[in-house]
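K.L.:
Next up is a structure, given as C-alpha cells.
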Amino acid sequence: MDFSFLSNYYIPLVVAACLVIGCCIKQIDVIPNKFIPTILAAIGAVVAVWDAQALSATIVISGALSGLIATGLYEAFTQYLKKVEIVFDDETDDVRDDIEIKESDVSEEEK
Numbered sequence: 131m132d133f134s135f136l137s138n139y140y141i142p143l144v145v146a147a148c149l150v151i152g153c154c155i156k157q158i159d160v161i162p163n164k165f166i167p168t169i170l171a172a173i174g175a176v177v178a179v180w181d182a183q184a185l186s187a188t189i190v191i192s193g194a195l196s197g198l199i200a201t202g203l204y205e206a207f208t209q210y211l212k213k214v215e216i217v218f219d220d221e222t223d224d225v226r227d228d229i230e231i232k233e234s235d236v237s238e239e240e241k
C-alpha cells in the first residue's frame, strides 16, 4: 500500500510541538500511556487550527495526524535507543569491548 499521500497532511510545526508535549506528558507519569496518542491527536488538531488561523476538516485531520506522527517518532526513537546499546566506561570514556553485537542485530546496509 502506498502511503505517499500522507505527506500532504503532516505539519512539521505541529509534529515538533506534539513531540515536546508528549515527552513532557510521558515524564510527568500522571496520565496513563494508553491515552497519550489520543491526547496528542487532539492537541495536534488544536495547534494546526491555531497555526492556520482557519477551521476546516482538512486542517483538523492534518493536525491530528501530525500529533499521531509525533507519537510514532517518539516510540521509534526510544526503541532505537534500546536496541543500540553502546555503553561507555565512566573512567576512560571508551566504548566497552565486552559488548557483543550479534549478526542478526546488524542490518544488510551496515554490513
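For the sequence shown, the positions run 131 to 241 when our numbering is used.
Every residue, glycine too, gets a C-beta built ideally from N, C-alpha and C.
From residue 170 to residue 143, what distance separates their C-alpha atoms?
P.N.:
If you number the sequence shown from 1, residue 170 lands on position 40. If you number the sequence shown from 1, residue 143 lands on position 13. So the two alpha carbons sit approximately 13 Å from each other.
K.L.:
Less than 6 Å between C-beta atoms, sequence neighbours within five positions excluded: which residues of the same chain meet that for residue 178?
P.N.:
Start at 1 with the first residue of the sequence shown, and residue 178 comes out as number 48. Hits under 6 Å: 141, 144, 189, 192, 193.
K.L.:
Alpha carbon to alpha carbon, how far is residue 212 from residue 151? Give it in angstroms, no decimals.
P.N.:
Reading the sequence shown from its first residue, position 21 is the one you call residue 151. Reading the sequence shown from its first residue, position 82 is the one you call residue 212. Approximately 22 Å between the Cα atoms of the pair.
K.L.:
Just how far apart, CA to CA, sit residue 173 and residue 208?
P.N.:
One-based indexing of the sequence shown puts residue 173 at position 43. One-based indexing of the sequence shown puts residue 208 at position 78. So the alpha carbons of these two residues sit roughly 22 Å apart.
K.L.:
Can you give me the Cβ contacts of residue 240 inside the same chain, cut-off strictly under 7 Å, excluding the 5 residues immediately before and after it?
P.N.:
Here residue 240 refers to the residue found at position 110 of the sequence shown. Annotation note: pLDDT 48 at residue 240 (below 50); position unreliable, coordinate value reported separately. Within the same chain, residue 240 has no close Cβ partners at all.
K.L.:
Could you work out which residue in 162, 155, 164, 199 is closest to residue 175 when comparing CA atoms only?
P.N.:
Taking the first residue of the sequence shown as position 1, residue 175 is located at position 45. Among 162, 155, 164, 199, the Cα nearest to that of residue 175 belongs to 199.
K.L.:
Report yes if the CB atom of residue 210 is closer than 9 Å to the CB atom of residue 153, and no otherwise.
P.N.:
Your numbering for residue 210 matches position 80 in the sequence shown. Your numbering for residue 153 matches position 23 in the sequence shown. No, these two residues do not count as a Cβ contact at 9 Å.
K.L.:
Where does residue 219 fall in DSSP's three states?
P.N.:
Against the sequence shown, residue 219 aligns to sequence position 89. In this prediction, residue 219 scores a pLDDT of 46, lower than 50, which makes its location untrustworthy; no coordinate-derived value is stated.
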